[in-house]
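Going letter by letter, the sequence shown gives residues 1 to 492 in UniProt numbering.
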Amino acid sequence: MDPYKYRPSSAFDSPFWTTNSGAPVWNNNSSLTVGSRGPILLEDYHLVEKIANFDRERIPERVVHARGASAKGFFEVTHDISQLTCADFLRAPGVQTPVIVRFSTVIHERGSPETLRDPRGFAVKFYTREGNFDLVGNNFPVFFVRDGMKFPDMVHALKPNPKSHIQEPWRILDFFSHHPESLHMFTFLFDDLGVPQDYRHMEGSGVNTYTLINKAGKAQYVKFHWKPTCGVKCLLEDEAIKVGGANHSHATKDLYDSIAAGNYPEWKLYIQTIDPDHEDRFDFDPLDVTKTWPEDILPLQPVGRLVLNKNIDNFFAENEQLAFCPAIVVPGVYYSDDKLLQTRIFSYSDTQRHRLGPNYLQLPVNAPKCSHHNNHHEGFMNFMHRDEEVNYFPSRYDPVRNAERFPIPPNILSGKREKCIIEKENNFKQPGERYRSWAPDRQERFICRWVDALSDPRVTHEIRSIWISYWSQADKSLGQKLASRLNVRPSI
Ligand code: HEM
């Protein structure tokens, strides 16, 4: 990426101030007035332009993941997986691809503290030779709900109360009391992992199931996982209060400072795969985003490494205007029928068109670095210079043709129209196993966080009982402990 290429030629070469249209400005200190103390003249064009520009400096913040930090670097293949995918950027060990990564918190505003209990976004844009690939993941490997229909309500419940603008546990616990599939996600969010120490010391995951396809057209379901080479570290409550109190941008600063000091953060990329022909072999649905794939039967396979070795030059251009979309994939990587992923395929480019405008993919940080061509043109803020006379397809005057066909999943789709939940819900097994895998002190902190949340005076007896029933179904002793501390009789 060469940001200088996109600089207006006059921007930094001029020895004196100019207007946006390049005319010299002879006084950038005082407004043009009638006499020394008179009213300002509207004809002070430079003043009007300066103020008007300032008035429009902010664009809408992301509806979720508004708070974030980004950095650039490269992805390098370390292990050959060309038998699984024809993706060009994964073609052989040693191949490097430039990337930009954006880490984020989810719920609160652009300037909110980075020490809040919240999932973290981990979004990677690979600028490959075959177009961009956006792997838009989180730090936890599962998600709260499995159908995109629930996403806006879920976000509303997690966001501040629309009346008080305060995030309130009773609203969260009310909403999720209807969704036992969220239990697994809560074993991450209410665990010590709920507040990562910073962005360098956390894992990442593609979360949704994607598909890898090789040249012969053979498809494999795949999950992507990032593991930091410097280990995972978290903040406990007291530490988080201290760190966040001293600097509400501590994670952004940590990332920036560590790259500036040459201490480049690095993650290893692993995949897990399932042959779609075997998808019925498990007690969970591999396309259910509330489930992890057990590593003992579906081992992590190493693929490559991600190194962040360059700070961004400009926060607005390379963070605020950075736009990800899970629909942006390359040949050799495809979606799966994971319902949540299917909704995400629509949502992101839709929000970008609202947040950044219809030509957001022309912005330097979002544009592919390979050659690209189509007739989707014009619209607001189109700044691509074009001089061709044929802007339709097909044409005998324009030699550009369809690209070579690349493989997509070969499975035959059939079925009647339905709105339904997945068959194998299995909501309680994995959360229970996860809880039991922890040492007693970690279990105790998890229980304390739940007692705390369920003690919100606006949480009703009914909601409290539902949660105790859910946790009892995940782990009997966990349910009993919560019931006794909250003075509620478990009723399964
Ligand atoms: C149907 C479910 C989902 C919907 C509708 C949805 C929608 C959105 C929207 C509208 C944004 C704001 C994008 C922007 O303005 O740039 C966003 C950001 C984001 N979402 Fe989702 N999301 C969903 C599920 C998920 C899941 C499961 C993950 C994790 C795998 C995830 C990870 C992210 C990340 C990391 C960002 C921030 C990207 C950035 O740094 O710019 N989302 N999501």
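Even glycine gets a Cβ: it sits at the ideal position worked out from N, Cα and C.
Worksheet entry | Residue environment, P3, which counts as buried when at least 16 other CB atoms sit within 10 Å | For P3, the pLDDT reaches just 48, beneath the cut-off of 50, and the residue's location in the model is therefore unreliable, although a value from the coordinates is still provided. Exposed, since its Cβ has fewer than 16 Cβ neighbours within 10 Å.
Worksheet item: Would the beta-carbon of H201 fall within 8 Å of that of G231?
Response: yes
Worksheet item: Beta-carbon separation of I463 and D198 under 8 Å?
Response: no
Discussion item. Since L189 and R117 should fall inside the 8 Å C-beta cutoff, what is the C-beta to C-beta distance between them, to a whole number of angstroms?
Written reply: 7 Å
Practice prompt. Helix, strand or coil for F380, going by three-state DSSP, please let me know.
Written response: coil
Worksheet item: Should S82 and R102 be called a contact, given that it needs their Cβ atoms to be closer than 8 Å?
Response: no
Fill in: Between the CA atoms of G206 and W467 - distance to the nearest angstrom
28 Å
Worksheet item: Apart from the five residues on each side of it in sequence, which residues of its chain come closer than 8 Å, Cβ to Cβ, to R91?
Response: V77 and S82
Worksheet item: How about the region 374 to 385 and the region 344 to 362: do they share at least three Cβ pairs that are nearer than 8 Å?
Response: yes
Fill in: Three-state secondary structure assigned by DSSP to T105
strand
Worksheet entry | Segments of 3+ residues assigned as beta strand (DSSP E) that fall wholly inside the region 130 to 168 | 131 to 138
Discussion item. Quick check on the burial criterion: 16 or more other C-beta atoms within 10 angstroms. Buried or exposed for H165?
Written reply: exposed
Discussion item. Would the region 131 to 142 count as touching the region 151 to 166 if we require 3 or more Cβ pairs under 8 Å?
Written reply: no
Worksheet item: Where does A123 sit, in a helix, a strand or coil, going by DSSP?
Response: strand
Item to complete: Take H184 and list the residues in its own chain whose beta-carbon comes closer than 6 Å to its own, dropping the five residues that flank it on each side.
Response: V142, T290, Q430 and P431
Item to complete: Identify every residue that forms a DSSP beta bridge with G206.
Response: In DSSP, G206 forms no bridge with anything.
Discussion item. Which of the three DSSP states is assigned to Q301 in this structure?
Written reply: strand
Worksheet item: Any heavy atom of the ligand HEM closer than 7 Å to the CB of N27?
Response: no
Worksheet item: With a CB to CB cut of under 6 Å and the five nearest residues on each side skipped, what residues in its chain are close to S455?
Response: none
Fill in: Burial state of I51, where buried means 16 or more other Cβ atoms lie within 10 Å
exposed
Practice prompt. Only counting runs of 4 or more residues, tell me where the alpha helix (DSSP H) segments fall wholly within the region 208 to 276, in order along the chain.
Written response: 237 to 246 and 250 to 260
Discussion item. Within a Cβ cutoff of 8 Å, which residues of the same chain sit near R442, ignoring the five residues on either side of it in sequence?
Written reply: D191 and D192
Discussion item. Would M410 and G217 qualify as a contact pair, given that the criterion is a beta-carbon distance under 8 Å?
Written reply: The amino acid at residue 410 is misidentified as Met; the sequence shows Pro. Cβ distance < 8 Å, so P410 and G217 count as in contact.
Worksheet item: Whose C-beta lies closer than 7 Å to the C-beta of A323 among residues of the same chain, with five residues either side of it excluded?
Response: Q352, L356, Y360 and N366
Worksheet entry | Helix, strand or coil at M1 according to DSSP, with G and I counted as helix | Confidence at M1 is low in this model, with a pLDDT of 48, below 50, so its placement is unreliable and the value that follows should be read with caution. M1: coil per DSSP, three-state reduction.
Worksheet item: Going by the C-beta, is K321 closer than 7 Å to any heavy atom of the ligand HEM?
Response: The question names Lys, yet the displayed sequence has Gln at residue 321. No - the ligand HEM has no heavy atom lying nearer than 7 Å to the Cβ of Q321.
Item to complete: Measure the beta-carbon distance from L308 to K125 and round it to whole angstroms, keeping in mind my assumption that it falls under 8 Å.
Response: Not a contact, Cβ separation roughly 13 Å.
Practice prompt. Note the first and the last residue of the continuous alpha helix (DSSP H) segment covering K476.
Written response: K476 to L486
Discussion item. Would Q272 and L298 be called neighbours here (beta carbons separated by less than 8 Å)?
Written reply: yes
Worksheet entry | Collapsed DSSP secondary structure at S395 in the structure displayed | coil
Worksheet item: Sorted by chain position, which residues of the same chain lie with C-beta nearer than 7 Å to A474's C-beta, five sequence neighbours on each side aside?
Response: L183, F428, P431, G432 and Y435
Discussion item. Please state whether the Cβ-Cβ distance between D88 and T115 is less than 8 Å.
Written reply: no
Worksheet item: What did DSSP end up calling N311 once you bin it into helix, strand or coil?
Response: strand
Fill in: Closer than 7 Å: Y348 CB and nearest the ligand HEM heavy atom
yes
Worksheet item: Quick one: what's got a C-beta closer than 8 Å to I172's C-beta in the same chain, skipping five residues either side?
Response: A157, L158 and A453
Practice prompt. Indicate, with yes or no, if the ligand HEM has a heavy atom lying under 7 Å from the CB of T252.
Written response: no
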